[in-house]
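Enquirer: Before we start, here is the structure in question, set down as structure tokens.
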Ligand SMILES: Cc1cc2nc3c(=O)[nH]c(=O)nc-3n(C[C@H](O)[C@H](O)[C@H](O)COP(=O)(O)OP(=O)(O)OC[C@H]3O[C@@H](n4cnc5c(N)ncnc54)[C@H](O)[C@@H]3O)c2cc1C
Ligand code: FES
Ligand code: FES
């Protein structure tokens, strides 16, 4: 897992069918993309990282949340080429060897934070982004960090409990 | 279509020299990508979200210079902003969601010029100037009111770039300030009304002087509330003042949006439907 090297030329040209280099979950990918393609679509279609969900495509639901340099963002509101030279983490990047769940993911399972599961990857990534910056958040901080993620099923209690449990561990 | 990431302003200058057509600058993309669902992208997309020179917050001669590329998240955390313009940090803290705050920028908020944009009333209240680089390369420093002209309207032509905001220090230091946002729900909400207030409070006299109050989302552009300021100016701060303030504010809102009851102001959190 060599760290990608990103020389910084004055400008990097990408056009229809031109190359875009993305560092995702510790691996480098070189893709041919149209400049206006969204990061969420590219991660799903080109890299088959279907843990990245597309819900509203308007920044409202958070299902597409990924980390860019450890900060949670909506992958639907970023063009793929804008992510060049940055470190992208999707939910697939959290699991350990052999697909073992991370402790945060396990806390979601243990606390009944998952029903249909559509919101779950985005929730997990928003929580992961919070915990990387603030390992011991209080409930208000947890709720603020998850305010951009909608869940139609669980009513949020289990999700907040899962993040609390992970923070306490 | 061509998509470019410019590393710095020199790189941008050479891109501008070579291209004659329409340009879409993209910063955080939180407005533009949604807008482009209904309209075509320009042939040239220029990513300014990693452009060195747009990302700095620094004290300059008499003002704080805040780069247009600074994200909302950085406005919350930056110590210089916290010291000199805490109202800007508070407005940023109530802005969108964590994911939006990590991408959305100060420059994008100004360029979008939406009536409910949260940072605009704060910027007007601080009497900021806006530093612009025209497509020709010419730089200008303009009053906020000369930049944000109407709903979605600015003085920017295609290819013009906002470089930074200049926030005057003399009129910010030692002042008290407040930012209030009312929306249909608590979190991740579009403001029905937001208020930015800056004043000089004399502890000994218990009076407010040099008051500036600016409302957002009431009109196409942020509105200075002269009558509300007058109701507060140079009077002892007490319950009677608070009541007169709410009354004056209610009247100002009513006259800005005729036919809307001002009562929701007293029951903050349940505002009227959007105009
Ligand atoms: C879910 C959601 C919640 C939101 N919540 C809020 C909120 O609470 N408060 C609020 O005020 N707004 C909110 N917004 C709107 C948006 O996030 C802001 O207006 C933001 O500041 C836009 O910045 P950006 O960098 O994303 O702009 P972009 O989308 O990158 O650009 C928007 C426009 O500005 C132009 N532009 C950007 N930077 C410059 C520059 N330096 N010079 C010249 N032109 C430039 C672009 O060309 C484009 O036309 C929200 C949006 C979403 C999707
Ligand atoms: S799909 Fe990106 S926020 Fe809903
Ligand atoms: S579990 Fe179904 S949307 Fe959250």
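Residue numbers (the numbering used here), protein chains in the order written: chain D, 1 to 169; chain P, 170 to 444. Note that beta-carbon positions come from the ideal geometry of N, C-alpha and C, so glycine has one too.
So residue 78 of chain D contacts chain P; which residues on that side make the cut at Cβ distance below 7 angstroms?
Expert: What residue 78 of chain D touches in chain P: 198, 272.
Enquirer: Note down, in chain order, all residues in the stretch 19 to 36 of chain D with a beta-carbon under 9 angstroms from any beta-carbon belonging to chain P.
Expert: The stretch 19 to 36 of chain D vs chain P, Cβ under 9 angstroms: 20, 33, 34, 35, 36.
Enquirer: Using 8 angstroms as the cut-off, can you tell me whether the stretch 310 to 318 of chain P makes contact with the stretch 283 to 298 of chain P, which would need three or more C-beta pairs spanning the two stretches below that distance?
Expert: Cβ pair count under 8 angstroms is three or more, so yes.
Enquirer: How far does the beta strand (DSSP E) with residue 302 of chain P in it extend, from its first residue to its last?
Expert: Residue 302 of chain P -> beta strand (DSSP E) spans 298 to 302.
Enquirer: Which of the three DSSP states is assigned to residue 327 of chain P in this structure?
Expert: Looking at residue 327 of chain P - three-state DSSP - the assignment turns out to be coil, as it is neither helix nor strand.
Enquirer: Identify, in the order they occur along the chain, each residue of the same chain with its Cβ nearer than 6 angstroms to the Cβ of residue 377 of chain P, setting aside the five sequence neighbours on each side.
Expert: Cβ within range, chain order: 368, 370, 401.
Enquirer: Taking only the alpha-carbon atoms, compute the straight-line gap between residue 274 of chain P and residue 266 of chain P and give it to the nearest angstrom.
Expert: When rounded, the distance between both Cα atoms is 13 angstroms.
Enquirer: Run through the stretch 25 to 80 of chain D for me and flag every whole beta strand (DSSP E) of 3 or more residues, listed as ranges in chain order.
Expert: Taking only runs of at least 3 residues, the beta strand (DSSP E) segments lying wholly in the stretch 25 to 80 of chain D are 27 to 33, 65 to 68, 71 to 74.
Enquirer: Please state if the CB of residue 427 of chain P and the CB of residue 317 of chain P are separated by a distance shorter than 9 angstroms.
Expert: No, they are not a contact pair.
Enquirer: Going straight from the alpha carbon of residue 71 of chain D to that of residue 262 of chain P, what length do you get?
Expert: Taking the straight line from one Cα to the other gives about 16 angstroms.
Enquirer: Considering only C-alpha positions, which residue in the set P:420, P:362, P:386, P:388 is nearest to residue 399 of chain P?
Expert: Out of P:420, P:362, P:386, P:388, P:420 has the C-alpha closest to the C-alpha of residue 399 of chain P.
Enquirer: In this structure, does DSSP put residue 11 of chain D in helix, strand or coil?
Expert: Only weak support exists for where residue 11 of chain D lies, its pLDDT of 43 falling under 50; the value from the coordinates is given anyway. Residue state, collapsed to three classes: strand.
Enquirer: What are the residues of the stretch 254 to 278 of chain P that lie near chain D, defined by any Cβ-Cβ distance shorter than 8 angstroms?
Expert: Going along the stretch 254 to 278 of chain P in chain order, one finds 265, 266, 267, 268, 269, 271, 272 with a Cβ nearer than 8 angstroms to chain D.
Enquirer: Give me the Cα-Cα distance between residue 88 of chain D and residue 82 of chain D, rounded to the nearest whole angstrom.
Expert: Approximately 11 angstroms, taken between the alpha carbons.
Enquirer: Would you mind sorting residue 228 of chain P into buried or exposed? The rule is 16 or more other CB atoms within 10 Å of its CB.
Expert: With fewer than 16 other Cβ atoms within 10 Å, it is exposed.
Enquirer: Measuring alpha carbon to alpha carbon, tell me which residue in D:61, D:75, D:139 is nearest residue 167 of chain D.
Expert: Comparing Cα-Cα distances from residue 167 of chain D to each of D:61, D:75, D:139, the minimum goes to D:139.
Enquirer: Relative to the C-alpha of residue 412 of chain P, which candidate in P:361, P:397, P:321 has its C-alpha closest?
Expert: Closest option to residue 412 of chain P, Cα to Cα, is P:397.
Enquirer: Give me the Cα-Cα distance between residue 135 of chain D and residue 118 of chain D, rounded to the nearest whole angstrom.
Expert: Going by the C-alpha atoms only, they are around 25 angstroms apart.
Enquirer: Of all Cβ atoms in chain D, is any one closer than 9 angstroms to the Cβ of residue 202 of chain P?
Expert: For residue 202 of chain P, the answer is yes, since a Cβ of chain D falls inside 9 angstroms of its Cβ.
Enquirer: Go through its chain and collect everything with a Cβ distance to residue 241 of chain P's Cβ below 6 angstroms, but skip five positions before and after it.
Expert: Taken in chain order, the residues that qualify are 261, 264, 270, 273.
Enquirer: Mind checking whether the beta-carbon of residue 116 of chain P lies closer than 8 angstroms to any heavy atom of ligand 1?
Expert: Here chain P comprises residues numbered 170 to 444, so residue 116 of chain P is not present and cannot be evaluated.
Enquirer: What separation, rounded to the nearest whole angstrom, lies between the Cα atoms of residue 408 of chain P and residue 415 of chain P?
Expert: Those two C-alpha atoms are separated by around 11 angstroms.
Enquirer: Using a Cβ distance threshold of 8 angstroms, determine whether the stretch 56 to 64 of chain D contacts the stretch 139 to 154 of chain D, with at least three qualifying pairs required.
Expert: Contact between the stretch 56 to 64 of chain D and the stretch 139 to 154 of chain D is present, because at least three Cβ pairs lie under 8 angstroms.
Enquirer: Anyone know if the C-beta pair for residue 280 of chain P and residue 331 of chain P falls short of 9 angstroms?
Expert: Contact flag set, yes.
Enquirer: Determine the burial state of residue 373 of chain P: buried for a count of at least 16 other Cβ atoms within 10 Å of its Cβ, exposed for fewer.
Expert: Exposed, because fewer than 16 other Cβ atoms sit within 10 Å of the Cβ of residue 373 of chain P.
Enquirer: Taking the DSSP output, what are the residues bridged to residue 232 of chain P?
Expert: Answer is P:337, bridged to residue 232 of chain P.
Enquirer: Quick check: is the beta carbon of residue 166 of chain D nearer than 9 angstroms to any beta carbon in chain P?
Expert: With 9 angstroms as the cut-off, residue 166 of chain D does not count as an interface residue toward chain P.
Enquirer: How about residue 58 of chain D: is its Cβ closer than 8 angstroms to a heavy atom in ligand 2?
Expert: For ligand 2, at least one heavy atom lies less than 8 angstroms from the Cβ of residue 58 of chain D.
Enquirer: Please confirm whether residue 92 of chain D and residue 25 of chain D have their CB atoms less than 9 angstroms apart.
Expert: Yes.
Enquirer: For residue 214 of chain P and residue 59 of chain D, which I take to be in contact (beta-carbon distance under 8 angstroms), what is that distance rounded to the nearest angstrom?
Expert: Not really, about 19 angstroms apart at Cβ, beyond 8 angstroms.
Enquirer: Tell me which residues of the stretch 58 to 73 of chain D have at least one Cβ-Cβ distance to chain P shorter than 8 angstroms, keeping chain order.
Expert: Residues passing the 8 angstroms Cβ filter: 58, 59, 60, 62, 65, 68, 71, 72, 73.
Enquirer: I need the boundaries of the alpha helix (DSSP H) containing residue 482 of chain P, first residue and last residue.
Expert: Look at the range of chain P in this structure, 170 to 444, and you will see that residue 482 of chain P is not part of it.
Enquirer: Pull up the DSSP beta-bridge partners for residue 375 of chain P, would you.
Expert: Beta-bridge pairing links residue 375 of chain P to no other residue.
Enquirer: Which residue marks the beginning of the alpha helix (DSSP H) containing residue 131 of chain D, and which one marks its end?
Expert: First-last of the alpha helix (DSSP H) with residue 131 of chain D: 120 to 133.
Enquirer: Output the distance between the C-alpha atoms of residue 250 of chain P and residue 349 of chain P, rounded to the nearest integer angstrom.
Expert: Taking the straight line from one Cα to the other gives about 18 angstroms.
Enquirer: Are the C-beta atoms of residue 349 of chain P and some chain D residue less than 9 angstroms apart?
Expert: Judged by the 9 angstroms Cβ criterion, residue 349 of chain P is not in contact with chain D.
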